Amino acid sequence: MRNKSTSKRKRAGVAVSRRSSANSAMRVTSRIVDTKRHTTGYVIGGKRYSVKQVAQLARQGRISGVRAVGNHPQAVNGRRCLSSLPTKVEKK
């Protein structure tokens, strides 16, 4: 029998928190892309975050509906995929 007292468990190389993601107040609202349509960041609660920052926040379980796979954020099953979010083009 598995020990259920641990707060985190490992599944397929991805750390999954046992805490409910519905308790988290942060949610990804839109995606920031460059002129070539490559994702450079995301908007969470009106504030801009880089892809790396979003992956770190997802790893900590602070963003609802998002998990980190490697260095990239990814939507959890049953949630809207991040590529279908509204985009904002950032010109340099």
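Each residue of the sequence shown is one higher than the one before, starting from 12 at the first, in our numbering.
Positions of the beta carbon are idealized from the N, C-alpha and C atoms, including for glycine.
Since we're looking at a predicted model, the values are computed, not measured.
> What did DSSP end up calling histidine 83 once you bin it into helix, strand or coil?
Replying inline: Here histidine 83 sits in strand by DSSP.
> Taking buried to mean at least 16 other C-beta atoms within 10 Å of its own C-beta, is proline 84 buried or exposed?
Replying inline: Proline 84 is classed as buried because its beta carbon has at least 16 other beta carbons within 10 Å across all chains shown.
>> Please state the DSSP three-state secondary structure of serine 61.
In response: In the three-state DSSP reduction, serine 61 falls in the strand class (E or B).
> Can you give the Cα-Cα distance for valine 62 and glutamate 101, rounded to whole angstroms?
Replying inline: Distance between the alpha carbons of valine 62 and glutamate 101: 14 Å.
> So, helix, strand or coil for arginine 70, using DSSP?
Replying inline: Note: arginine 70 maps to helix in three-state DSSP.
> Closest to alanine 86 by CA distance: which of Thr98, Thr51 and Ala69 is it?
Replying inline: The residue among Thr98, Thr51 and Ala69 with its C-alpha nearest the C-alpha of alanine 86 is Ala69.
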